[in-house]
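Residue numbers (the working numbering): 42 to 274.
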């Protein structure tokens, strides 16, 4: 009969089912929990439950630790991660503007609170950057569509594409309306990403247009650092 191979060992010194071996294992696990568990201010554990498994045939202790994506509430999103005012966050999400939503728990039932994913947070951060830059509903929707290549605004997808591009800036070039017999419904608009060295060239190429420069790279880096500190994400 072929003997099954042992699973991974938590500690090199655990070699048998002796009492000392078990004590060493428990001390190792206790140290693991202290060093790896991360908490928010409200002591919410961002790691899933660690499962301690004992193998009766080999007397070895295995640790199965599974990380879980952070579940972020509205207070964390507004106050600690993005900087968006709670009333605007509530307005954007409840109305489904720009495709923003709480994808973990929608919070449609009064007793439920909304919980956001990391992807939601970056989508919110992008929309808030555009909003704070002076753009409003229709221009923001156009910018998001241009970035994501969609017909319906999807802030999460637009933010994902910007993160993947590792762009420093989002440059929005809007041509002013000119006097014509037919009223222009929308001003011309070009959206592109840029690094710092390319900014001057982008402005010089459009001397009669309004050029809006959005520092998406710095904002996303700040959000990423805050996610790491708060949730270990």
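Where is the CB? At the ideal position from N, CA and C, for every residue including glycine.
In angstroms with no decimal places, state the Cα-to-Cα distance between residue i and residue j.
i           : j           : result
residue 189 : residue 223 : 30 Å
residue 231 : residue 207 : 19 Å
residue 85  : residue 112 : In this prediction, residue 85 has a pLDDT of 35, which is less than 50 and means its spatial position is unreliable; nothing more can be read from the coordinates.
residue 154 : residue 132 : 15 Å
residue 160 : residue 263 : 15 Å
residue 191 : residue 272 : 31 Å
residue 97  : residue 269 : Here the model assigns residue 97 a pLDDT of 36, short of 50, so the residue's position is not dependable, and the following value carries that caveat. Straight-line Cα distance between these residues: approximately 38 Å.
residue 110 : residue 274 : 7 Å
residue 265 : residue 237 : 21 Å
residue 82  : residue 184 : Confidence at residue 82 is low in this model, with a pLDDT of 35, below 50, so its placement is unreliable and the value that follows should be read with caution. Rounded to whole angstroms, residue 82 to residue 184 spans 36 Å at the Cα level.
residue 134 : residue 201 : 18 Å
residue 241 : residue 229 : 20 Å
residue 219 : residue 128 : 37 Å
residue 114 : residue 267 : 14 Å
residue 106 : residue 205 : In this predicted model, residue 106 has a pLDDT of only 36, less than 50, meaning its place in the structure is not dependable enough to derive any value.
residue 245 : residue 214 : 11 Å
residue 124 : residue 164 : 13 Å
Judging by CA-CA distance, which residue of the options is the nearest neighbour of residue i?
i           : options               : result
residue 217 : 247, 135, 126 and 199 : 247
residue 138 : 227, 186, 124 and 120 : 186
residue 11  : 254, 115 and 116      : Look at the range of the chain in this structure, 42 to 274, and you will see that residue 11 is not part of it.
residue 239 : 215, 210, 195 and 140 : 210
residue 173 : 140, 126 and 241      : 126
residue 259 : 129, 183, 156 and 203 : 203
residue 275 : 116, 194 and 219      : In this structure the chain extends from 42 to 274, so residue 275 is not present and cannot be described.
Tell whether a beta-carbon distance below 8 Å holds between residue i and residue j.
i           : j           : result
residue 261 : residue 118 : no
residue 162 : residue 122 : yes
residue 252 : residue 170 : no
residue 243 : residue 235 : yes
residue 212 : residue 227 : no
residue 156 : residue 146 : yes
Thinking residue i and residue j are a contact (beta carbons under 8 Å), I'd like their distance in whole angstroms, please.
i           : j           : result
residue 178 : residue 158 : Not quite, the Cβ-Cβ distance comes to about 24 Å (not below 8 Å), so this is no contact.
residue 141 : residue 199 : Contact doesn't hold; Cβ gap of about 11 Å is too wide.
Q: Taking only runs that begin and end inside the stretch 195-221, name each unbroken alpha helix (DSSP H) of 4 or more residues, in chain order.
A: Every unbroken stretch of the alpha helix (DSSP H) spanning 4 or more residues and falling wholly within the stretch 195-221 is given here in chain order: 196-206.
(Q) For a minimum of 4 consecutive residues, which ranges assigned as the alpha helix (DSSP H) are wholly contained in the stretch 231-268? (A) The qualifying runs are 240-245.
Q: At 3 residues or longer, and completely inside the stretch 99-186: list those beta strand (DSSP E) runs for me, N to C.
A: If we require 3 residues or more, the beta strand (DSSP E) runs fully inside the stretch 99-186 come out as 101-105.
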